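For reference, the structure discussed in these notes is given below.
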Amino acid sequence: MRLPRRSRNPDDPNAGGPKRGGPSAGGPASRAAAGAGPRHARRRWTGSRGRRRWPLLVVAAVCASLVTTLAVRAGAGGPEAGPECRDPVSDLLEPACGAWFGAFVPHAKADLAEKVEAYERRVGRRLDIVYTYHDMSEVTATRWEGQLLTAPEQRVGRDRMLLLSWESKVWGGTEAQQPRWEDIAAGTYDAEVIDVQARRIKEYGERNDGRKVFLSFDLEMDTRVPEHGTPEEFVAAWRHIHDRFRELGVDNVIWTWITTGYPGHREVIRRLYPGDDYVDWIGYNQYNYHRCHRTRWRSFEETQTAVHRWIRTHLSDDKPLMLSEFGSAHDTARPSRQAEWYRDVPDVLEKLDGVKAALQWNSRDPGPHCDLSLANEESWEAMRRLAADPRLNQPPP
């Protein structure tokens, strides 16, 4: 289970990670006032997919690799998709069946495309979703941390979906510069931050045939209580950002609410949920940390099923779900153990109702034994098999 952590700056591969302590205890919040949002009709999303330009002359090995990759994307070797799997992607970017496959790949801001493409070469396919992080600093030409949809992200987004994590932090800033939820909800950051980002996302969609992005504000918000405010102040901040985007005519955001799912935080997590009318997808981040958190080895099924059941019972029984971060530590005493862990993923995914995306965390958290990236070639081979599973190879939007 993922314990509270500092906010993660992706420019620093050692930043972020578990920290001890947690949110204040809180009673359950009533969802009656939130109401149930309407079910969205499934229709074709008309965003165009960019196409790579391949050299006219390539060596035979590269040709073979390309053919293999395209075959995997088409689900070659797997069962033929039924008619329901050929249906168009929904307004909320839900695949008609199965789930999207994505990853967080360590990168500096400028080399995102290169790092993503290197990961894709190793797993033998293109990612459906790429995960990136940003703070809430003012948008400037030289500071990319505060720019949602940087030039490298837009390049990657030509033929992949993007999950943008937007944290109420100013990385490297003073304590006085750090945004608080009550100030966000009061409109303090509208003119210089929120409105600017809303227009950037809107313009991105207008330039790209309505292309949509997944947007998560303050992922793992249950680890930020009480430092950033109360659960009620978080809900007010989330709703304010959501409503501000709507007022500015932004209609290409998929609002993705992401929690740790940590069992010790369940009551506060319930209070942090903004309500069905304000959330499109629910995500959660669960790991097999093993020696990193001095816990026993936990299978993929053990990391996922309890929190999945709790979310379906206490938050939403029909929102699309995202395994927004999943992964396993390496067991140096049993080098094959991580590969075995990933081999179990497809069968477990089949049992998790409503999971429509799964994103592997291929990086590390700070501290000894906390490297969660794929540790050896056997683990990479297990990931290639996972990435080729028909359930994770759906027709792209």
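Numbering (my numbering), first residue to last: 331 to 727. Glycine included, C-beta positions come from ideal geometry on N, C-alpha and C. Everything numeric in this text was worked out from a predicted model, so none of it was measured.
Buried versus exposed, by CB contacts within 10 Å (16 or more), residue i
i: residue 586; result: buried
i: residue 688; result: buried
i: residue 420; result: buried
i: residue 604; result: buried
i: residue 713; result: buried
Run of the beta strand (DSSP E) containing residue i, from where it starts to where it stops
i: residue 657; result: 651 to 658
i: residue 546; result: 543 to 547
i: residue 464; result: 459 to 464
i: residue 627; result: Counting along the chain, residue 627 falls outside any beta strand (DSSP E), and DSSP gives it neither H nor E.
8 Å Cβ cutoff met for residue i and residue j
i: residue 593; j: residue 422; result: no
i: residue 483; j: residue 476; result: no
i: residue 493; j: residue 534; result: no
i: residue 616; j: residue 433; result: no
i: residue 717; j: residue 668; result: no
i: residue 520; j: residue 574; result: yes
i: residue 619; j: residue 659; result: yes
i: residue 518; j: residue 551; result: no
i: residue 486; j: residue 443; result: yes
Nearest neighbour of residue i, chosen from the options [CA to CA]
i: residue 653; options: 662, 642, 638, 666; result: 638
i: residue 677; options: 506, 645, 721; result: 721
i: residue 645; options: 597, 486, 544; result: 597
i: residue 502; options: 458, 428, 466; result: 466
i: residue 527; options: 508, 540, 631, 571; result: 571
i: residue 682; options: 569, 635, 554, 695; result: 635
i: residue 708; options: 624, 427, 532, 673; result: 673
i: residue 591; options: 655, 562, 582, 579; result: 655
i: residue 627; options: 661, 640, 613; result: 661
i: residue 437; options: 416, 464, 427, 488; result: 464
i: residue 512; options: 558, 663, 629; result: 558
i: residue 514; options: 474, 500, 488, 564; result: 564
i: residue 537; options: 548, 549, 488; result: 488
Alpha-carbon spacing of residue i relative to residue j, whole angstroms
i: residue 600; j: residue 456; result: 35 Å
i: residue 723; j: residue 458; result: 9 Å
i: residue 643; j: residue 472; result: 45 Å
i: residue 726; j: residue 719; result: 15 Å
i: residue 710; j: residue 595; result: 33 Å
i: residue 670; j: residue 451; result: 22 Å
i: residue 529; j: residue 578; result: 7 Å
i: residue 632; j: residue 509; result: 36 Å
i: residue 715; j: residue 666; result: 15 Å
i: residue 532; j: residue 582; result: 7 Å
i: residue 376; j: residue 506; result: Any answer about residue 376 is weak, because its pLDDT of 39 lies below 50 and its placement is not dependable; what the coordinates show is given next. If you take the alpha carbons of residue 376 and residue 506, they lie about 44 Å apart.
i: residue 495; j: residue 546; result: 5 Å
i: residue 614; j: residue 702; result: 17 Å
i: residue 624; j: residue 556; result: 26 Å
i: residue 543; j: residue 479; result: 9 Å
Residue range of the alpha helix (DSSP H) that includes residue i
i: residue 442; result: 442 to 453
Test: residue i CB closer than 8 Å to a CB of chain B
i: residue 521; result: Of the protein chains in this structure there is only one, and it is not chain B.
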